[in-house]
Structures are given as C-alpha cells and as structure tokens.
Amino acid sequence: MHAICFITAYLIATCTALSSASDPIVDLGYATYRGLLNETLSTREFYGIRFGQPPTGRLRWKAPQPMSSLRNSSSVILNATQPGPICMQGYPYWTNPNAGTPQGSEDCLILNVIGPANTTNSSNLPVLVIVPGGGYTMGDAGSGDVHALLNHTGNAFIAVALQYRLGAYGFLGSDAFANEGGDANVGLLDQRLGLEWVQRYISLFGGDPAKVTLTGGSAGGGSITDQLIMYGGRADPPFRAAMPEFPWWQQMLRKEQLNQQYQYLLESTNCTSMACMRGLSEGTLAAATQATYVQAYSEGAYGYGNFYYGPYVDGSVIRDLPSREFRAGHFSKVPLWLDHAKYEGYTFSNQSLTNVEDETQDLKIQFPSADQQFIDKVYELYPRESFNATFWQRQTWFGDFSINCPTYYVASSASSYDVPVYKMLFAAGSQTHGASGAFIADPSTLPFGNPGYNETLASIMKDWWASFAIYLDPNARRWSTVERPSWPLYNESAEFQVMSINYTQSGAVSDLYFDNSEQCKFFEENGEVVQN
C-alpha cells in the first residue's frame, strides 16, 4: 500500500495510508498523483496538480518557474482528489467596501484535469484549457464546471482548468518595480507556463497536445486575447484554437498610473523597496494589497466597474495595446470563437447613477486622459434621449468599450488575415455578462438560478460550443437531436456575419446591427484614451 499525501504550503506533505484499486494514478516524473474515479459520470478527476513552483519569497513578482521534483521517496503518492488552494483574491472597492483581508494563498500555481475514465496514453483526445475570469483580481480553477458539457458529448474531450496570480501578485508594474527585479505581467506568464505544462504532460492523461483549445470568459477571455498577442503573436503557440468569450478589455494603465499603483502598495506595507515586501508574511501582504483597492478608489485612481489591477503594455510580454496588435497582425493565427451578451455593461454600472453630472464625473475617472471633446463625442454617440435612464446610457457605453467592441476588433482583424472566426451575440437568459455560460453549465449548479433558461437552447449551445472546441467548427457535429441553424464564418459577407440568439429565435445577421458601429470605431480611434 502506498501513502497518499496532502500537499500543504511550501511543499510540505502530510501522508495518510489511503488507497483504492480503482483510483487513477499518474506519474509526472516530478511527482506522482492519485486522483478520483467518478463512477456516476465515468470520469477521472485530478485536482490541485502543481505546474509551477510556489511564487513566494524570492519568487514573488518573478516569472513562474517550472516544477522540480516533489518526491521524498518512490512510495509517496500525492493526493489530487480535493481542490487545491485558490490564488490570493482581491476585491475592488465597488464590489465589496468592507472586504477585510482577502482569501487565498500565494502558493497556488495548480491546475485540475478532468477526462473520461477509460483513457490511456494513446487516446489522443482533444483538450480544453479553461482560463478563469474574475477581473484579473478574483477567480479560481473551480469556477467553471465542465461536467455537464463532458456528459453532453459522451466524454469526448479532456478539460484542464488552471490558476494564475491575481491582482497585485500577478499584475504589478512601474519603473521602480522593474528596476528592483520585478517581472512584468507574471499573471499572464503563469497562464503560459500552464499551457506549456499541458503540452508536456497532457498525453499522460489521454490528451493530444496538438489538439488544445483555449476557453475562458470575461477576464479569462481577455487573458486569451493577451495569449494571442503575447510576444507579438507567436506562429507556434501552445494551442490550436481559442474561444475568448465576452473578453474583458480593462483599460491598460499608463506608466505613471503603474508608478502610483506601486507606491500605494509600498505605503500600505510600510516598505520602501521590493526587497522589504518580499520579506513580508503572506497575511501582512494580503491585507496591504486589499488596502490599495480602497485607497486608489477613494482617490479616483479607478472607478466603478474597473478592477484596477490587470495586464499592461510592458514592451515584451505585451508589446502594444491589444487593438493595435490585432490590427497590425501581431497575433497567433488560430481559429476563433467570440461572443458577448446584450447588456455587458449592466454588471459593471452603478444603479444609483441618475444624473448627467455624476455620469460625466464617472467618464472622467474611467478615462483620465480624455478631454472635453472626447466626452462630448461619447454623449453624441450615446444620446440621453435614446435611453430611459442614465444607468442604461452608462451601461451601454461601458459595455461597448470594455467587451462588445473588443469582439469586433478581434473578429474583423483576424478575418482580414483569413483566420476562421465565428462570432455570437447572446440576448437570452439574463442577457447580462456571462449569460451564455449558464447554458453550457448544469443549471442545478448555478448559484443564482438562470432566468430565461431554456433546455432546447441549452442543447443547441452545448452542441455549438463543443463542436467548435473539438472540431474548430460549430457546425461540424451535434450530440443532441435538436435542429440548429448553420453558423457562417464571420467574414462570409462584406458586412460580417454573427449568430444572433434571443428568446424566440436564432440566425445569422450582419454585425452592422451590433458592433461594426460608429461607437466601436470611435473607441478604437481613441485607443490611447480608452486604454488610459
């Protein structure tokens, strides 16, 4: 009998003599893990597998390092039957004014692998790698349940969900930060290391490293667009297709804003250098990072709906603003699926906003580089008389610049380079941010229910989604008996074609009715302002 071990912080294992003949075991070379067999769903599931060394101490704010050996002896098998620690969370002031000390751990570079129970090393199944969302400050590998989709397809693929450093742990910058040895955009580098882990090890779980599709929504979708443009867009990325759903393009902070952000953290920690901050305890640093959200919000450094920390242009990992990189062709040319909901700005808009004076102040905080001409143009493009309340006016322009228009920039840019692109507008369910994801998941797992849930539409969505993820074409296959319309490529006509979904029907229409608009063109032309 082998010992099964529970890994705690800093690679200390506690072991218990537990084993079952049916438990799946995988030897990764640097460690052996025991997962669990889900007999009800016929899946093998491994949780909390390490893909990077703990980014603590001297590795705080450094590029992630691949795993080295965890072995203490040949008889040690590490427990992978329970979720591992989530990365340290961060809560922007508008999400929770009294957040207290954040939850999570710095020692969190882990991933989960879920696949069919009967796979072997030669199964060569397609692989879905899930990048969780959460505004680059919240989220974890357990935030997206793939069991419903696996069951729908008869366990036709393997799913991998990875974690990456968030907030001040993953996206700190500034001149002083770089001069003191900090690496840029380490949260994105964590994701890339996870993808490289998949390339090296997924065959041991029955997956094919040549059939990897990236998927993720919100900041997960924004992260995927950043993976596409990383290092100027690699010709041979560690994935063959990407599904950046409702991609969150938070404004990328300028150098002076990054400098101020770094200064906030130094002040909160009572430090004057990174060396000092690297010596702080995990709890002390966690409390200090949360304090920066409060101070920065009170001083107008970011506004309602913004998460403050996130990717930024550093000249290497991210070489220029995403809209410019896509227009210039500086992205990995792989088949793409894009979508967004009808009311993307709803979740990120303050419902107490009732007058133009407050909205104008909000505009100035959201776009600190904007002049009066820019603000006047926003009101011209989004005239007050077109909306029944100030809130709806604000949610519309906020949803456009942060999510809706980015889907247009990516889809139209990729199509101009003959990349296959499929794009959807989703106006069913709640019609708000993330609405389409609820039709992919098991509705019983949704924490707040799913307004407007329709089983027929859910079957269609699962068929489309899985068909693209596995075959790179939403039309290629269906697993349900429900008929669905054919989904054309985005550039099938000069007007660009999108799949439009609402409560009563679905079909292809021109993107001229949605994001191929004067509003999106205005935001793109003013990229320096929109991206801070």
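If you count by mature numbering (1 follows the signal peptide of the UniProt record, and there is no 0), then the sequence shown holds residues -17 to -1, 1 to 515, one letter each, in order.
Glycine included, every Cβ here is placed at the ideal spot set by N, Cα and C.
Owing to the predicted nature of the structure, the values given are computational and were not obtained by experimental measurement.
Taking C-alpha atoms, which residue in Asn474, Leu172, Gly98 lies nearest to Leu132?
Against the sequence shown, residue 132 aligns to sequence position 149. Ranking the options by Cα distance to Leu132, first place goes to Gly98.
message: According to DSSP, is Pro305 part of a helix, a strand, or is it coil?
response: One-based indexing of the sequence shown puts residue 305 at position 322. Looking at Pro305 - three-state DSSP - the assignment turns out to be helix.
Practice prompt. Grab the span of the alpha helix (DSSP H) containing Gln378 for me, first residue to last.
Written response: Here residue 378 refers to the residue found at position 395 when the sequence shown is read from its first residue. Here the alpha helix (DSSP H) through Gln378 covers 373 to 382.
- Residue range of the unbroken beta strand (DSSP E) whose run includes Met444: As a first step, residue 444 must be located in the sequence shown, where it is residue number 461. Met444 -> not in any beta strand (DSSP E); alpha helix (DSSP H) instead, spanning 438 to 454.
message: Here's the rule: buried if 16 or more other CB atoms are within 10 angstroms of the residue's CB, otherwise exposed. What is Arg17?
response: The residue given as residue 17 occupies position 34 in the sequence shown. Burial call: buried.
Fill in: Beta-bridge partners of Lys406, as assigned by DSSP
Counting from 1 along the sequence shown, the entry for residue 406 is found at position 423. Leu321.
Item to complete: Taking Asp297 and Asn499 to be in contact with their CB atoms under 8 Å, please state how far apart those CB atoms are, rounded to whole angstroms.
Response: Translated into positions along the sequence shown, residue 297 becomes position 314. Translated into positions along the sequence shown, residue 499 becomes position 516. In fact, because the Cβ distance is near 31 Å, the residues do not count as touching under 8 Å.
For Pro430, which residues from the same chain have a beta carbon less than 6 Å from its beta carbon, with the 5 sequence-adjacent residues on both sides left out?
The count along the sequence shown starts at 1 and reaches residue 430 at position 447. Any reading at Pro430 must be qualified, since the residue scores a pLDDT of 49, below 50, and its modelled position is unreliable; no value is offered.
- request: Report all residues from its chain with a CB closer than 6 Å to the CB of Leu455; omit the five preceding and five following residues, and keep chain order.
  value: Position 472 of the sequence shown holds residue 455. Contacts found: Ala224, Pro318.
Practice problem: For the stretch 74 to 90 and the stretch 176 to 188, state whether three or more C-beta atom pairs, one from each stretch, are separated by less than 8 Å. | Solution: no
**Prompt:** Between the stretch 339 to 352 and the stretch 241 to 253, are three or more C-beta pairs nearer than 8 Å?
**Reply:** no
Worksheet item: With respect to the alpha helix (DSSP H) encompassing Glu228, which residues constitute its N-terminal and C-terminal limits?
Response: To locate residue 228, count along the sequence shown from 1; it is residue 245. First-last for Glu228: 224 to 230, but that is the beta strand (DSSP E), not the alpha helix (DSSP H).
**Request:** With DSSP collapsed to three states, give me the class of Gly150.
**Result:** By 1-based counting over the sequence shown, the position of residue 150 is 167. Helix.
field: Own chain, CB closer than 6 Å to Ser106, minus 5 neighbours either side, in chain order
entry: Start at 1 with the first residue of the sequence shown, and residue 106 comes out as number 123. Same-chain partners within the cutoff: Gly189.
Find the nearest neighbour of Tyr245 within the set Ala161, Asp173, Gly127, judged by alpha-carbon distance.
-> Residue 245 sits at position 262 when you count from the first residue of the sequence shown. Here the closest residue by C-alpha is Ala161.
- Query: Can you tell which of Gln355, Ser206, Phe381 has the C-alpha that lies nearest to the C-alpha of Asn333?
  - Reply: Indexing the sequence shown from 1 puts residue 333 at position 350. Cα-wise, what sits closest to Asn333 is Phe381.
Exercise for the section: Evaluate the contact criterion for the stretch 392 to 410 versus the stretch 361 to 369: three or more CB pairs, one atom per stretch, below 8 Å. Expected result: no
Beta-carbon spacing of Tyr486, Ala411 below 8 Å
By 1-based counting over the sequence shown, the position of residue 486 is 503. By 1-based counting over the sequence shown, the position of residue 411 is 428. Yes, the pair counts as a contact, with Cβ atoms nearer than the cut-off.
#### Entry: Three-state secondary structure (DSSP) of Phe29
Residue mapping note: residue 29 aligns to position 46 of the sequence shown, counting from 1. Three-state result, Phe29: strand.
| query | Which parts of the stretch 486 to 510 are runs of the alpha helix (DSSP H), unbroken and 4 residues or longer, counting only runs that do not cross its ends? | reply | The DSSP assignment places complete alpha helix (DSSP H) segments of no fewer than 4 residues inside the stretch 486 to 510 at 501 to 508, in order along the chain.
Check your understanding: What residue from Gly150, Lys445, Ala63, His135 has the CA that sits closest to Ala269's CA?
Key -> Residue mapping note: residue 269 aligns to position 286 of the sequence shown, counting from 1. The shortest CA-to-CA distance from Ala269 to any of Gly150, Lys445, Ala63, His135 is the one to Gly150.
Considering Thr15, what are the terminal residues of the alpha helix (DSSP H) in which it resides? The count along the sequence shown starts at 1 and reaches residue 15 at position 32. For Thr15, no alpha helix (DSSP H) encloses it; the enclosing beta strand (DSSP E) starts and ends at 15 to 17.
Excluding five sequence neighbours on each side, which residues of the same chain lie with their C-beta closer than 8 Å to the C-beta of Thr272? In the sequence shown, counting from the first residue as 1, residue 272 sits at position 289. Closer than 8 Å at Cβ, skipping near neighbours: Met71, Gly73, Pro85, Gly150, Ala151, Tyr152, Leu248, Ser251.
_Taking a contact to mean a Cβ-Cβ separation below 8 Å, would you say Thr198 touches Ile93 in this structure?_
Here residue 198 refers to the residue found at position 215 of the sequence shown. Here residue 93 refers to the residue found at position 110 of the sequence shown. Cβ atoms of Thr198 and Ile93: not closer than 8 Å.
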